[in-house]
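**Q**
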Amino acid sequence: MMDDFTDQGAPGAISSGSGSGFDRQEAEGIVAAMPVALRRSVIESLYTEAMLLADEVRAYFESSGLEQRQTLDPLLRIGFSCESLKTTTRLMHIIAWLLTQRAINAGEITEAEARAHDRMLDEAVPSDAGICASLPDQARLLIVSSEQLYKRTLRLQEQFLQGVPPVDSPVHHLFARLSQAY
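Residue numbers (the working numbering): 736 to 917.
(1) Within the continuous alpha helix (DSSP H) that includes D872, where are the two ends?
(2) Mapping the DSSP letters down to three states, classify Q825 as helix, strand or coil.
(3) Between the Cα of D872 and those of M786, Y782, S799, spot the shortest distance and give me the residue it belongs to.
(4) Report the residue from I813, S816, A789, L870 whose alpha carbon sits nearest the alpha carbon of R825.
(5) Within its chain, find whatever has a CB closer than 7 Å to the CB of K821; leave out the 5 residues flanking it on each side and keep chain order.
(6) Assuming the contact rule is C-beta atoms closer than 8 Å, G814 and I866 should be a hit. Round their C-beta distance to whole Å, please.
(7) Let me confirm a value: E858 is counted as buried when at least 16 other C-beta atoms fall within 10 Å, else exposed. Which label applies?
(8) Return the Cβ separation of A838 and I830 in integer angstroms, given the expectation that the two are a contact with Cβ distance under 8 Å.
(9) Does the CB of I878 have a neighbour CB from chain E at under 8 Å?
(10) How many angstroms separate the CA atom of T806 from the CA atom of R912?
(11) Use the C-beta contact count for L801: other C-beta atoms within 10 angstroms, 16 or more gives buried, fewer gives exposed.
(12) Roughly how many angstroms lie between the CA atoms of S816 and M827, to the nearest whole one?
(13) Got a sec? Which residues, its chain only, sit under 8 Å from R793 by beta carbon, not counting five neighbours each side?
See the structure below:
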């Protein structure tokens, strides 16, 4: 499930290549062991990314996307509209979940309240690969970006819920030293 954390070039991705990248197990452990301040930082970063992507999606599907849509055959226009709805719905669910996490961080709700079914992410309706392959490049890019962000956010939710056990790594030793110092 950590595949998107290792996608090269994905927004917010953790590189899996040689050098300073993290492998899947290290990334999961880092999320599970993260101090409250770091968790807040991750939530805020994802929230900013989600809002920026939502703005890009809105701008595209309201302007140049509409123009490009008109050049498609009638059946593909319907598919284009369906994919735009799936994309915006996906992003709104991400933003709602992140707002819930921000409310936890602000002390406005408890973690128990945040775990209510209506405040949790579920699997999103997948995009139709056949339709997406026929859409303009910009539409495909936005759809894929929203899917990747959704998967990353869903995985983060799962890790917060499960309390993925930390992996013994240099990063965890650094967190431990920092928490002892402060």
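We treat Cβ as the ideally placed atom computed from N, Cα and C, and that holds for glycine.
**A** So, to answer that:
(1) 872–897
(2) Note that residue 825 corresponds to Arg in the displayed sequence, not to Gln. In this structure, R825 counts as helix in the three-state DSSP scheme.
(3) S799
(4) A789
(5) V860, S862
(6) 4 Å
(7) exposed
(8) With 8 Å as the limit, A838 and I830 do not qualify as a contact, their Cβ atoms being about 13 Å apart.
(9) Looking at the structure shown, chain E is missing, and only one protein chain is on hand.
(10) 59 Å
(11) exposed
(12) 17 Å
(13) T823
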